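K.L.:
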Amino acid sequence: MPPEPFRFTGLPSELRNRVYKLLLCDVEEPEDYTNSENVPETIARAKHNVQTSILAVNRQIHTEAKDVLYREIKFVRFGATMEVPNIHVLKSLVKNRCVPVFTMDKNVVGRFSGHVLSYTLVQHLTELPCSSFSCLITHRDLDLFCRALGHAEAAIPGFWSAVSHTITMCAPYQIPPSAAKIHQETLLAPLRRHLRGLEDVVVQGEVDEALATAVADQLKSYVIEEPEVLLEKVRALKEAGTVYFRQGDSRLCSESWSRACNEIRRVRGGAMWATLVSDPEFVRDLAELYFILNINLSQNTIKDMDGSLFHPELAPRQASMSLLALRNAYQGLAGCKMYWQPSDAQMAKLLFRKAKTHRLSNDYADAFETIELAENLLPDDEAIQEEKQIIENAISGIEIA
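Written as structure tokens, this is what we have:
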């Protein structure tokens, strides 16, 4: 009597699930980009060895395997419709954080139904043309993704204005009722860790009603610490950025200083500012820190423009970044000029960096005009005199040619 043919479905379910996991859930950990020179030029793609052919064997295997796939990987679906500049910022934040995505195809993301959570942003009252950005990531990488979103206000003040946030919890696989709330809390934890000060938040879907309300309230709130605690946090971020700057890590340096600026801007726009502003010493310290952090951000960009990371095609964007930071420093915190004004030396440093930014982007007329303003403040400063000579030589070279 011939032996019976091997039947995969005859194996115990534990063994079948192990096979499904091996074939469908082999997704690599995100790469650790500690050196800013290694950051990808485009949004990172998730590296995996997923063999989906087993899903086509028969209906039973398809159902079982899909359940394991969704349960193990826990997909998260993200979509945003915002003004074009804000979409560019979103993509840049995701790229710079090296968040690995499975796909950015809007149609594929829209059809996908195996996610545990979807997060949708829609910007209202827009004045500029809108665009969209969609992606599919793992819940394992949602923490990294939310960290990236947490820096949006630092990139563009008021970024979250008139933006609705819809978080929809889904149930692509069964969870025992006794474990459901803990499961939901785990899925929502990255958003609660990194996002604050959002104006319009809805948490809906397969989620405990009380938990949904608590999460929405938390994401809308922004708790301001005691003034001295806040100053310590900002100073610590400033010092961390200085360490990264000296180590030559431009990305982490910029991230630390931007986070510090973000903290200050959030406080300035928060409900408790009216109370905090009653302490002139606190406001004075905060305003000076904001000035220094922004001219530091400019210097970090200038270092990239002037050093080994410089690429001519990046000059316009880098110059814009440097000039934006200097403009933020010059304009300062709204309503704080009565408490603190930069010294002549600090203003000369700002003007020096503005002149150097113009020179490195071949804008010699503005460079010369700005370095003369710096010279008026500090006529004997060697660095200013040296930069002025470089600019004059560049202008002379153009005239001779």
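Mapping of the sequence shown onto our numbering: residues 2 to 402, in sequence order. Every residue, glycine too, gets a C-beta built ideally from N, C-alpha and C. In this text, all values refer to a predicted model and were calculated from it rather than measured experimentally.
Which residue spans inside the segment 63-137 form an unbroken beta strand (DSSP E) run of at least 3?
P.N.:
List check, beta strand (DSSP E) in window: 76-84, 116-124.
K.L.:
Is the CB-CB distance between R260 and L334 below 8 Å?
P.N.:
No, Cβ-Cβ distance for R260 and L334 is not below 8 Å.
K.L.:
Do C171 and V123 have their C-beta atoms within less than 8 Å of each other?
P.N.:
Contact flag unset, no.
K.L.:
Give every residue of the same chain whose Cβ lies closer than 7 Å to the Cβ of R78, excluding the five residues on either side of it in the sequence, and list them in chain order.
P.N.:
Closer than 7 Å at Cβ, skipping near neighbours: V110, F113, H116, S119, L137.
K.L.:
Using CA coordinates, which residue listed in H359, L327, E282, F283 is at the minimum distance from A316?
P.N.:
When each option's Cα is compared against that of A316, the closest is H359.
K.L.:
Over what stretch of residues does the alpha helix (DSSP H) that includes Q300 continue unbroken?
P.N.:
Looking at the DSSP string, the run of the alpha helix (DSSP H) that includes Q300 is 281-307.
K.L.:
Between L231, F246, T276, D250, which has its C-alpha nearest C262's C-alpha?
P.N.:
Comparing Cα-Cα distances from C262 to each of L231, F246, T276, D250, the minimum goes to L231.
K.L.:
What residue range is occupied by the uninterrupted alpha helix (DSSP H) comprising M348?
P.N.:
It spans 345-361 - the alpha helix (DSSP H) in which M348 sits, taken as one unbroken run.
K.L.:
Determine whether the beta carbon atoms of G151 and L196 lie at a separation below 8 Å.
P.N.:
Taking 8 Å as the Cβ cut-off, G151 and L196 qualify as a contacting pair.
K.L.:
Quick one: measure Cβ to Cβ for S165 and D201, integer angstroms, because I've assumed they're closer than 8 Å.
P.N.:
Going by Cβ atoms, the distance from S165 to D201 rounds to 4 Å, so yes, they are a contact pair.
K.L.:
Quick one: is M306 buried, meaning 16 or more other Cβ sit within 10 Å of its Cβ, or exposed?
P.N.:
Label assigned to M306: buried.
K.L.:
Please go through the same chain and pick out, in chain order, the residues whose beta-carbon is closer than 8 Å to the beta-carbon of E264, but skip the five residues on each side of it.
P.N.:
Around E264: L231, K234, V235, L238.
K.L.:
Can you list, in chain order, the residues of its chain whose CB lies under 8 Å from that of A402, leaving out five sequence neighbours each side?
P.N.:
Residue placement at A402 is poorly supported in this model, since its pLDDT is 44, which falls under 50; the coordinates still yield a value, given next. Counting only Cβ-Cβ distances below 8 Å, and skipping sequence neighbours, we find nothing.
K.L.:
State the Cα-Cα distance for the pair E42 and K96, rounded to the nearest angstrom.
P.N.:
Going by the C-alpha atoms only, they are around 8 Å apart.
K.L.:
Mapping the DSSP letters down to three states, classify D381 as helix, strand or coil.
P.N.:
In this structure, D381 counts as coil in the three-state DSSP scheme.
K.L.:
Does the distance from the CB of A368 to the CB of I392 come in under 8 Å?
P.N.:
Cβ atoms of A368 and I392: closer than 8 Å.
K.L.:
I need the straight-line Cα distance from R148 to L352, nearest angstrom please.
P.N.:
Using only the alpha carbons, I get a separation of about 33 Å.
K.L.:
I'd like the list of long-range same chain contacts for D142, defined as Cβ closer than 7 Å, with 5 residues on each side in sequence excluded.
P.N.:
Hits under 7 Å: P31, V100, P101.
K.L.:
What first and last residue would you give for the alpha helix (DSSP H) that runs through V244?
P.N.:
Per DSSP, V244 belongs to the alpha helix (DSSP H) from 228-248.
K.L.:
Smallest Cα separation from S321: which of K338, M105, T302?
P.N.:
It is T302.
K.L.:
Go ahead and label L25 buried or exposed: buried means 16 or more other beta carbons lie within 10 angstroms of its beta carbon, across all protein chains shown.
P.N.:
L25 is buried by the Cβ-count criterion.
K.L.:
CB-CB under 6 Å to T121, same chain, minus the five flanking residues each way: which ones, in chain order?
P.N.:
G80, T167.
K.L.:
Just the C-alpha distance for R72 and A66, rounded to the nearest angstrom, thanks.
P.N.:
Straight-line Cα distance between these residues: approximately 10 Å.
K.L.:
Using DSSP bridges, identify the partner residues of M170.
P.N.:
Answer is L118, G206.
K.L.:
Do G388 and A346 have their C-beta atoms within less than 8 Å of each other?
P.N.:
Looking at the sequence itself, residue 388 is Glu, so the reference to Gly does not match. Their beta carbons are not under 8 Å apart, which means E388 does not touch A346 by this criterion.
K.L.:
Can you look up T43 in the DSSP assignment and give me helix, strand or coil?
P.N.:
In this structure, T43 counts as coil in the three-state DSSP scheme.
K.L.:
Closest to D280 by C-alpha separation, out of C337, C254, Q332, would be which residue?
P.N.:
The option with the nearest alpha carbon to D280 is C337.
K.L.:
Just reading off the alpha helix (DSSP H) that S321 is part of, what are its end residues?
P.N.:
It spans 316-332 - the alpha helix (DSSP H) in which S321 sits, taken as one unbroken run.
K.L.:
Taking the beta carbon of K350 as the centre, do at least 16 other beta carbons fall within 10 Å, making it buried, or is it exposed?
P.N.:
It counts as buried.
K.L.:
Using a Cβ-Cβ cut-off of 8 Å (strictly less than) and excluding sequence neighbours within five positions of L145, which residues of its own chain qualify?
P.N.:
Counting only Cβ-Cβ distances below 8 Å, and skipping sequence neighbours, we find P31, R98, C99, V100.
K.L.:
If you count every other CB in all the chains shown that lies within 10 Å of the CB of L199, and 16 or more means buried, which is it?
P.N.:
Counting Cβ neighbours within 10 Å, L199 comes out buried, since at least 16 surround it.
K.L.:
Taking the alpha carbon of T1 as the reference point, which residue from L94, A241, S162, N50 has its own alpha carbon closest?
P.N.:
What is shown of the chain runs 2 to 402, which leaves residue 1 out entirely.
K.L.:
Roughly how many whole angstroms lie between the Cα atoms of Y174 and H49?
P.N.:
Cα to Cα, Y174 sits roughly 22 Å from H49.
K.L.:
When burial is assigned at 16 or more other CB atoms within 10 Å of the CB, is P191 buried or exposed?
P.N.:
Counting Cβ neighbours within 10 Å, P191 comes out buried, since at least 16 surround it.
K.L.:
Quick check on the DSSP output: the alpha helix (DSSP H) that includes Q342 runs from which residue to which?
P.N.:
Q342 -> no alpha helix (DSSP H), and no H or E assigned at all.
K.L.:
Contact check, L287 vs A326 under 8 Å by CB: the rounded distance?
P.N.:
L287 to A326, Cβ: 17 Å. No contact.
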